[in-house]
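Following: one structure in structure tokens, then a few remarks.
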Amino acid sequence: MTPLAPERGARPEQVRDRLRRSHRTLTLGPVVLRLRPRLIIVSLITSTVLAALVALNLSLGQTALSPAQVWAHIIGTDYEHYFTVWRVRMPRVVVGLLAGAALAAAGAITQTIMRNPLASPDLLGVTHGASAGVVALLAFGGSYGILTGGPSASLGVPAVALIGGLAAGALCYTLSLRNGIDGYRLLLVGVGVSTILMNLTLWMLTLGEVTDTGRAMVWVAGSLTMRTWENAAPVALALAILLPLALASSRTLDALAHDDDVVRGLGVDLGRARTAMLFLAVLLAAFGTSAAGPILFVSLACPQIALRLAGASRPPVLLSALVGAALVCAADLLARTMLDNIQLPVGVVTGCLGALYLMYLLVRANRRTQA
Amino acid sequence: MYDTSGPPPVTATAAPIATAGATVAARRTRRLAGLLLLVLLLGAAALASVLIGARGLTPDIVWRALTDTAGAEADIIVRDIRLPRTALGVLAGISLGMAGALMQGHTRNPLGDPSILGVTFGAALAVVVGIAFFDLTAVHVQTWLAFAGAGVAVVVVYLIGSVPGRGPTPLTLALAGTAVSWLAYSLTSGLVLLDRSTMDDFRFWRVGSLIGRDPEILGPMLPVVIVGVVLGLANAGALNALALGEDTARALGHRVGRARVVGLTAITLLTGVTVAACGPIAFVGLIVPHLARGLVGADHRWLLPYSALMGAVLLLAADVLGRFLAPPGELQVGVVLALVGAPFFIHIVRRRRLLSL
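Sequence order for the protein chains is V and E.
So that you can map any letter, position 178 of the first sequence is 178 in my numbering, and since no number is skipped, the others follow by simple counting.
So that you can map any letter, position 295 of the second sequence is 295 in my numbering, and since no number is skipped, the others follow by simple counting.
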């Protein structure tokens, strides 16, 4: 299988040099911490970009506000544009940011345990399961159903997405369970299950009423319109619990990036470690998807972008999450403001932005290999 | 073409040295028999595809329809509908199966399906741009648009994925293909969502199907598929060597850059012409190589023909099955492949340990 790191073609002394630069240790008495200066610097830069994007997102729009006005709202000295800032823009930015972070972190974990740069939580069934659930609900529930119309729609749709995603994830896991879990089998079963679910979704889209399927199609592309604080709470809670867990298992992830035999040789209980990491990835992806729909390409591209920015040996989880948040914020800003009357679904723009940036990184890396 | 008379390609399963000769001979006989069996199966599937449908036909009606044209209803069904549909199924299945095996060999990735080279979504983007900006909705124009879009996408992928002067590595090829695919996909869905009427026209193109297409496409499609298959088979020796890594392949005397170009050209021709003729039919190119690898192992000299034939059998079988599943009408072959083929695939994956790449 293809190795994760873009090391191929590099000379040994280049690799050694890169390792030395990317990995220093800091010893404080009995505690040894790994310091990766480049990862820290890149993470700081990405956080700054993210903060700037959030500020822009809050101030730009149909009513343009100056950053000072926005700040006055946040610290509570001004209530003139309360509705615009607190009820419309803020929840939207926060949901986008959190969903992007959750999806990208899930992608980083999935790509590490599957040892495949083309893997994404889509292959764990999560996104397609959520899509199938929501499309079934919207296409057959009608516009005035208990869960699809009125105020409960903002809760009903995410709940169904979450249930659909988790159910599909559990299905994939159960189907690939046979004398323990084999990474390759999991991947192929994931391909099968997500194909079934995706085609069910497409088929349902051709069955329902036009207005309902229109809504469903927008959800399937990933959209941040009409997001409220209620959408942000579950994914925020999930991130607050799951992301620290993922970071704490950084050594397990490091080990899992190697061959099965190497992993066992390192003394890691392969089956248990892989199951635990899978569980994390499925939960993160399911909560991310339930908040904003399956925002396209975030979970696949962001880990690869983060990997190249940090020059690491596997996709770093935290940096991937930051890149994911930044990508969704930037995409939403463009989706809202690029065209005058129409709001594009954010998923369409993340696909373009993420793809272009990944292409740029690839071309740059290839030039460097040649030099 | 590629020089296959060089060093003998390495097979993945090494036999004990003492009995190696006998084992190799027995294995070759078994594989040839399997190939013959697949050809027979393909014949049976093609026959079923001509005979079975909303109006069942008997072999002698078909024979009469072919030999003398009286202009009867059965003649029209056979000549204008069933035969072109079957031929399209055979060509598309062969193309997708072989392109899938080539793609997985070149990217060394089990997720490598022909569409990740950007072919499918490049074609889709070209079709949508044609509908949205130039109002091109005629089927035969769309066919050529799709073919052109597929070609442009592959060239872009190759340029982005290549280290200048050295050609692409499996990793950069897969990533560049994915990035280009997603860019094309996003632009396509953006255009489709912005414009209702484009969405309406595109909906019909997007569903991969063997019917409702221009039967005239079969004429230009046949030579393209033949060239693609020949190039693909010529690529087999190099793929076997490349499976050991690029450096080893180079040391064995293979020209890696040229092998990649030959392989990618074959994939582009095969997938491009299929997407142009039938729209995007996913899944065949992805699963068939895995099933074939389970039968014959990793030797591409056997894997490629097996994948091609199995692709054709699978596609025809799914198409025939689709004629029964939704009684008054038909279920598109793509949907059948997903709903019937995918559970079958999962079952196979669970039952036996498929050879990993």
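Note that beta-carbon positions come from the ideal geometry of N, C-alpha and C, so glycine has one too.
Query	Result
So within the stretch 290-318 of chain V, which uninterrupted alpha helix (DSSP H) runs reach at least 4 residues, ignoring any that extend past its ends?	298-310
Please report the distance separating the alpha-carbon of residue 204 of chain V from that of residue 40 of chain E.	37 Å
Verify whether the separation of the beta carbon atoms of residue 433 of chain V and residue 273 of chain V is less than 9 Å.	Look at the range of chain V in this structure, 1 to 371, and you will see that residue 433 of chain V is not part of it.
May I ask you to report which of helix, strand or coil DSSP gives residue 181 of chain V?	strand
DSSP three-state label for residue 63 of chain V, please.	coil
List the endpoints of the continuous alpha helix (DSSP H) containing residue 183 of chain E.	170-194
Taking the alpha helix (DSSP H) that residue 307 of chain E falls in, what are its first and last residues?	300-325
When the distance is taken between beta carbons, is residue 96 of chain E closer than 9 Å to residue 237 of chain E?	no
Starting from the beta carbon of residue 185 of chain E, find every residue of chain V whose beta carbon is closer than 7 Å, and list them in chain order.	351
Output needed for residue 277 of chain E: all residues of its chain with C-beta closer than 7 Å, excluding positions within five of it in sequence on either side, in chain order.	88, 92, 143, 213, 217, 221
Assuming residue 293 of chain V and residue 190 of chain V form a contact by the criterion Cβ under 8 Å, report the distance between their Cβ atoms to the nearest whole angstrom.	In fact, because the Cβ distance is near 20 Å, the residues do not count as touching under 8 Å.
Does DSSP classify residue 140 of chain V as helix, strand or coil?	helix
Around the C-beta of residue 60 of chain E, are 16 or more other C-beta atoms found within 10 angstroms, so that it is buried, or is it exposed?	exposed
Going along chain E, which residues have a C-beta under 8 Å from residue 310 of chain V?	Within chain E, no residue comes near residue 310 of chain V; the closest Cβ sits about 16 Å away, beyond 8 Å.
For residue 217 of chain V, tell me which candidate among V:97, V:323, V:342, V:139 has the shortest Cα-Cα distance.	V:139
Report yes or no: is there a C-beta of chain V within less than 9 Å of the C-beta of residue 289 of chain E?	no
Keeping to the same chain, check which residues put their C-beta closer than 6 Å to that of residue 322 of chain E; ignore five residues upstream and five downstream.	330, 331, 333, 336
Could you tell me the distance, in whole angstroms, from the CA atom of residue 101 of chain E to the CA atom of residue 265 of chain E?	14 Å
Applying the 10 Å Cβ sphere with the 16-neighbour rule, what's the burial state of residue 158 of chain V?	buried
Enumerate in chain order the residues of its own chain whose CB-to-CB distance from residue 99 of chain E is below 6 Å, with the five nearest sequence positions on each side excluded.	114, 267, 270, 271, 285
Would you report the Cα separation of residue 314 of chain E and residue 91 of chain V, rounded to the nearest angstrom?	49 Å
Going by alpha carbons, who is nearest to residue 30 of chain E out of E:295, E:339, E:340, E:317?	E:295
Mind checking if residue 11 of chain E is an interface residue toward chain V, Cβ cutoff 9 Å exclusive?	Since pLDDT at residue 11 of chain E reaches only 47, below the 50 mark, its modelled position is unreliable, and no value is offered.
Can you check DSSP and say which residues form a bridge with residue 162 of chain E?	E:168
Cβ of residue 460 of chain V less than 9 Å from any chain E Cβ?	No answer is possible for residue 460 of chain V: it lies beyond the span of chain V, which begins at 1 and ends at 371.
Would residue 248 of chain E and residue 241 of chain E be called neighbours here (beta carbons separated by less than 9 Å)?	yes
What separation, rounded to the nearest whole angstrom, lies between the Cα atoms of residue 244 of chain E and residue 135 of chain E?	49 Å
Is it true that the CB of residue 239 of chain V sits closer than 9 Å to the CB of residue 98 of chain V?	yes
Taking residue 119 of chain E as the query, report the chain V residues whose CB atoms sit under 8 Å from its CB, ordered along the chain.	The premise fails here: residue 119 of chain E is roughly 16 Å from chain V at the closest Cβ pair, so nothing lies under 8 Å.
Give the secondary structure of residue 97 of chain V by DSSP, where H, G and I count as helix, E and B as strand, and everything else as coil.	helix
Rounded to the nearest angstrom, what separates residue 28 of chain E and residue 34 of chain E at their Cα positions?	10 Å
Run down chain V in chain order and give the residues with a C-beta less than 8 Å from the C-beta of residue 274 of chain E.	The contacting residues do not exist; residue 274 of chain E stays about 18 Å from chain V at best.
Using a cut-off of 8 Å between C-beta atoms, extract the partners of residue 178 of chain V located in chain E.	350
Kindly list, in the order they appear in chain E, the residues whose Cβ is closer than 8 Å to that of residue 344 of chain V.	190, 193, 194
Residue 189 of chain E: buried (16+ other C-beta within 10 angstroms of its C-beta) or exposed?	buried
Work out the CA separation of residue 73 of chain V and residue 161 of chain V for me, nearest whole Å.	33 Å
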